[in-house]
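Protein chains in written order, with my numbering: chain H, 1 to 248; chain B, 1 to 218.
Glycine is no exception: its CB is placed at the ideal position from the N, C-alpha and C atoms.
In what follows, a single structure is set out as C-alpha cells and then discussed.
Shown next, in the form of C-alpha cells:
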C-alpha cells in the first residue's frame, strides 16, 4: 500500500498543480486544457488512442529488444579485445552523438514511413547505452582476478563463457535499464518525422487541428506507457541481477 | 626454479622503482616484505605474465590474492574445480573426490555443495587455498592472501599453508611480517631502490626493526 502511495503521489501532485494553474489563471482550453477535459477525451476517444498506443508500444518494445540484443552482441564481439574496442569505439560514439532528429529523415528515405523506420530509430537510441555498459562490464574484472584465471591456464572460449560474460551481465542489465528510459524518444521522434500511426503521429495530427485536449491525452498515455515499459524492464533486470545462477 | 634478471618494477608516470635481480631455488619458501607501492604485486604479475626478464622452470603457477577470485554463483566445489572447467577437462569421479578431500583438509568438506556467495571471508580464503592445492603447481604466489581476515582466521590460514604447501616453492607478499612469522623463516625486503635479504623473520620482532627493514636501513 505504501509503495502504491509512493508511486501515485507525484502523479496526483502533478495533476493537482495542473488543475490549479488552469483554474487560477483561467487558461483557455486550446492552450492548456483542464485535467477533467483531457480525462473526458481519454474516455471518449479511447479506441482511437488505444490503437495508436499499441503501435508506439510495439515500436518501443521491439526496438528495445533489437537494440539491446545488438548492443550486447557487439559488446561481446569486441569486448574480448582491447584493440578492437579502441578501433570501433569512435563509430559507436558517433552512433550516439548524432541527434536522432538528424538521422530520422534518412531512415524514412531508406526504410519508408512504416514500422521499420521507427524500429530502426528506437534500436539506434537503445544500442549505445547497452553496448557501453556491457563493455564496461568486460573491463571491470579486477587485475588480481585476471592473474588468478591466467594461472589456471584457461581456454579462451571457456574463460569468456564461464567468467567474463556472467561478470559483464549485471553491467549490461544496467545499460538495458537506461535504454528503457530513452527508447520512447526514438519511437516518437520517428513518428513525428513521418508516419500514419502511433502516439507521436496522433499528437501532431491533433495539434494541426487545434485539438489540444486530444494532444494532451496522447501525451499522458505516452507517459504511462513509457513508465510501464521502464518498470517492467527494471523488474526483469533486477530479477536476473539478484539471481546470478540464472546467468552462469 | 625462478630467475629474475634486471626486472624494472617502475610504472610509467609514477616514481621510479627498483630494478631487481633475484634467484629463488626449488622448495624455497620466502616472505617478500615491503611498503605499499614498492612493486611487490607488480613483481608477481611479471612472474605470472611471463615477462622476458623472468625465467622459470615450470609453467604451473598458482596465485592466491586478497580477493580470492571465486565465482559467487557456483558451488564451493565448482570453484575448487574451476581450473579444470576453464581448461575444458572433463571431471572424473576421482577428481571430484580429490576436491572433496581437499575441502575436508581446509575444514570445508561439509560445505562442498553450498553456493559460494553464502560463505564468510575466511571460508572463501580456504576455498581459494583448496583450489591452489588441486592445481598441484610447483610455484605458489601469495599476494597478501590474509588481508581483510581477522587475526584468528589469519593464524588458521597460516597453519593450513604451512601444512598443505610443504615442499612447494612459495613467495608470500605481505606488508605484515606476522602473516609470515607463523609459518615461514626467511624474508626478503623490497624497497623503492632494491631488494635486500635474506633475513630471518624473527629479526622483525619489534616494530622498530620492521620499519628499519622496510626503509632499507636494516
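For residue i, does the count of other Cβ atoms within 10 angstroms reach 16, so buried, or fall short, so exposed?
i                     : result
residue 90 (chain B)  : exposed
residue 179 (chain B) : buried
residue 12 (chain B)  : exposed
residue 219 (chain B) : Missing from the structure shown is residue 219 (chain B); chain B here goes from 1 to 218 and no further.
residue 82 (chain H)  : exposed
residue 2 (chain B)   : buried
residue 211 (chain B) : exposed
residue 33 (chain H)  : buried
residue 235 (chain H) : exposed
residue 20 (chain H)  : exposed
residue 21 (chain B)  : exposed
residue 246 (chain H) : Note that residue 246 (chain H) has pLDDT 35, beneath the 50 cutoff, so the model's placement of it is unreliable and the number below is only indicative. Its Cβ having fewer than 16 others within 10 Å, residue 246 (chain H) is exposed.
residue 243 (chain H) : Because the pLDDT of residue 243 (chain H) is 45, which lies under 50, any placement of that residue in the model is unreliable, and the question is left without a value.
residue 205 (chain B) : exposed
residue 12 (chain H)  : exposed
residue 55 (chain B)  : exposed
residue 154 (chain B) : buried
residue 160 (chain B) : buried
residue 171 (chain H) : buried
residue 31 (chain H)  : exposed
residue 24 (chain H)  : exposed
residue 79 (chain B)  : buried
Would you mind stating whether residue i and residue j have Cβ atoms separated by less than 8 Å?
i                     : j                     : result
residue 127 (chain H) : residue 173 (chain H) : no
residue 164 (chain B) : residue 133 (chain B) : yes
residue 187 (chain H) : residue 121 (chain H) : yes
residue 176 (chain H) : residue 132 (chain H) : no
residue 24 (chain B)  : residue 141 (chain B) : no
residue 191 (chain H) : residue 118 (chain H) : yes
residue 221 (chain H) : residue 49 (chain H)  : yes
residue 111 (chain B) : residue 74 (chain B)  : no
residue 130 (chain H) : residue 210 (chain H) : no
residue 169 (chain B) : residue 27 (chain B)  : yes
residue 88 (chain B)  : residue 135 (chain B) : no
residue 64 (chain B)  : residue 145 (chain B) : yes
residue 113 (chain H) : residue 196 (chain H) : yes
residue 17 (chain B)  : residue 53 (chain B)  : no
residue 217 (chain H) : residue 41 (chain H)  : yes
residue 252 (chain H) : residue 138 (chain H) : Any question about residue 252 (chain H) goes unanswered here, given that chain H covers just 1 to 248.
residue 31 (chain B)  : residue 139 (chain B) : no
residue 4 (chain H)   : residue 75 (chain H)  : no
residue 38 (chain B)  : residue 72 (chain B)  : no
residue 152 (chain H) : residue 45 (chain B)  : no
residue 194 (chain B) : residue 167 (chain B) : no
residue 59 (chain H)  : residue 115 (chain H) : yes
residue 175 (chain B) : residue 70 (chain B)  : no
Taking 7 Å as the cut-off, is the beta-carbon of residue i closer than that to any non-hydrogen atom of the ligand FAD?
i                    : result
residue 82 (chain B) : Absent from the structure shown: the ligand FAD. Ligands present: none.
Taking residue i and residue j to be in contact with their CB atoms under 8 Å, please state how far apart those CB atoms are, rounded to whole angstroms.
i                     : j                     : result
residue 127 (chain B) : residue 68 (chain B)  : 7 Å
residue 130 (chain B) : residue 102 (chain B) : 4 Å
residue 229 (chain H) : residue 100 (chain H) : Not confirmed; about 18 Å, so no contact.
residue 189 (chain B) : residue 214 (chain B) : 6 Å
residue 43 (chain B)  : residue 149 (chain H) : Wrong, their Cβ atoms sit about 19 Å apart, outside the cutoff.
residue 168 (chain H) : residue 233 (chain H) : The pair is not a contact, with the Cβ atoms about 18 Å apart (cut-off 8 Å).
residue 213 (chain H) : residue 22 (chain H)  : Contact doesn't hold; Cβ gap of about 12 Å is too wide.
residue 183 (chain H) : residue 66 (chain H)  : The Cβ separation is near 10 Å, so there is no contact.
residue 66 (chain B)  : residue 143 (chain B) : 7 Å
residue 108 (chain H) : residue 193 (chain H) : 6 Å
residue 80 (chain H)  : residue 160 (chain H) : 6 Å
residue 199 (chain H) : residue 56 (chain H)  : 4 Å
residue 157 (chain B) : residue 125 (chain B) : 6 Å
residue 51 (chain B)  : residue 137 (chain B) : Not confirmed; about 18 Å, so no contact.
For residue i, list the residues DSSP reports as bridge partners.
i                     : result
residue 8 (chain B)   : B:19
residue 173 (chain B) : B:32, B:143
residue 192 (chain B) : Paired residue(s): none; residue 192 (chain B) is not in a bridge.
residue 187 (chain B) : B:31, B:199
residue 213 (chain B) : For residue 213 (chain B), which the question treats as bridged, DSSP gives no partner whatsoever.
residue 63 (chain B)  : B:141
residue 56 (chain B)  : B:2
Hey, which unbroken runs of the alpha helix (DSSP H) at 4 residues or more fall wholly within the stretch 13–41 of chain B?
If we require 4 residues or more, the stretch 13–41 of chain B turns out to have no alpha helix (DSSP H) run fully inside it.
Which runs of the alpha helix (DSSP H), 4 residues or longer, sit entirely within the stretch 66–153 of chain B?
Secondary structure in the stretch 66–153 of chain B: the alpha helix (DSSP H) runs of 4 residues or longer, each lying completely within the stretch, are 76–80, 82–86, 93–105, 121–134 in chain order.
Run through the stretch 128–154 of chain H for me and flag every whole alpha helix (DSSP H) of 4 or more residues, listed as ranges in chain order.
List check, alpha helix (DSSP H) in window: 143–151.
Where are the alpha helix (DSSP H) runs, 4 residues long or more, that stay fully inside the stretch 160–227 of chain H, in chain order?
Listed in chain order, they are 165–193, 199–208.
In chain order, which alpha helix (DSSP H) runs of at least 4 residues are fully inside the stretch 18–44 of chain H?
Whole alpha helix (DSSP H) segments, 4+ residues: 35–44.
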